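Asker: For reference, each letter of the sequence shown is one residue, going 0 to 123 in numbering that gives the first Met the number 0.
In this text, a Cβ means the ideal position worked out from N, Cα and C, and glycines have one as well.
The model shown is predicted, which means the values in this text are computed figures rather than measured ones.
To start, I am sharing the structure in question, which I have written as structure tokens.
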Amino acid sequence: MPHEYLFQTLHEYGIGDTFITGISRVYTDATSSVQINGHHYGSTPIRCDVRQGCPMSVAFYALCLYPFLRLLERNLPGIRVGRRSRPTSVVAYADNVTIFVTSAADFTFIEEASLLFELHLAPD
Numbered sequence: 000m001p002h003e004y005l006f007q008t009l010h011e012y013g014i015g016d017t018f019i020t021g022i023s024r025v026y027t028d029a030t031s032s033v034q035i036n037g038h039h040y041g042s043t044p045i046r047c048d049v050r051q052g053c054p055m056s057v058a059f060y061a062l063c064l065y066p067f068l069r070l071l072e073r074n075l076p077g078i079r080v081g082r083r084s085r086p087t088s089v090v091a092y093a094d095n096v097t098i099f100v101t102s103a104a105d106f107t108f109i110e111e112a113s114l115l116f117e118l119h120l121a122p123d
């Protein structure tokens, strides 16, 4: 996910500007480089994604994925699982998402929703 989307999403959840500024300092102008036998080979800017091993990365990922999951949940009919009174249309765990499809029209909606979020997440 682009860092700007992360910061915008945190702001929309009501996370304070001080926290967002701190996170943006960690992510803005971040780079990655390769070191082999003590020699550094270039530096690449990191404009998307969360830092692997960062204790907050799981929370950031979940917070940014949640609007997409809610969109699917609200618009797809889903299936009844067990004795639940409401149908389930999407289940997510870590970075795995399962979408329950009940008709061909569901595929069209999923594609449109995915494109909407891809456009929203596309780096500048």
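First and last residue of the alpha helix (DSSP H) that includes Asn-74?
Answerer: Sequence index remark: in the sequence shown, residue 74 carries index 75 (1-based). Start and end: 56 to 74.
Asker: Taking its Cβ as the centre, do 16 or more other Cβ atoms sit within 10 Å of Thr-30, making it buried, or is it exposed?
Answerer: Here residue 30 corresponds to residue number 31 of the sequence shown, with the count starting at 1. With fewer than 16 other Cβ atoms within 10 Å, it is exposed.
Asker: Can you confirm whether the region 78 to 89 touches the region 39 to 54 when touching is taken to mean that 3 or more C-beta pairs between the two stretches lie within less than 8 Å?
Answerer: Not touching, per the Cβ criterion.
Asker: Who are the near neighbours of Ser-23 in its chain, counting only those whose CB is closer than 8 Å to its CB and skipping five residues on each side?
Answerer: In the sequence shown, residue 23 corresponds to position 24, counting from 1. Taken in chain order, the residues that qualify are His-2, Phe-6.
Asker: Could you give the first and the last residue of the continuous beta strand (DSSP E) run that contains Val-100?
Answerer: Taking the first residue of the sequence shown as 1, we reach residue 100 at position 101. Where Val-100 is concerned, there is no enclosing beta strand (DSSP E), given that its DSSP letter is neither H nor E.
Asker: Return the Cβ separation of Ile-124 and Leu-71 in integer angstroms, given the expectation that the two are a contact with Cβ distance under 8 Å.
Answerer: Since the first and last residues shown for the chain are 0 and 123, residue 124 lies out of range.
Asker: For Gly-41, which option in Val-33, Val-57, Arg-85 has the closest C-alpha, if you only look at C-alpha atoms?
Answerer: The count along the sequence shown starts at 1 and reaches residue 41 at position 42. If we check each option's Cα against that of Gly-41, Val-33 comes out closest.
Asker: Using DSSP with H/G/I as helix, E/B as strand and the rest coil, what is Tyr-40?
Answerer: For the purposes of this step, residue 40 is taken as the residue at position 41 of the sequence shown. Strand at Tyr-40.
Asker: Using a threshold of 7 Å, state whether the C-beta atoms of Pro-76 and Thr-101 are closer than that.
Answerer: Reading the sequence shown from its first residue, position 77 is the one you call residue 76. Reading the sequence shown from its first residue, position 102 is the one you call residue 101. Yes, the Cβ-Cβ distance between Pro-76 and Thr-101 is below 7 Å.
Asker: Can you find the residues in the same chain that come closer than 7 Å, C-beta to C-beta, to Met-0, ignoring five residues on each side of it along the sequence?
Answerer: Residue mapping note: residue 0 aligns to position 1 of the sequence shown, counting from 1. Around Met-0: Cys-47, Asp-48, Cys-63, Leu-120.
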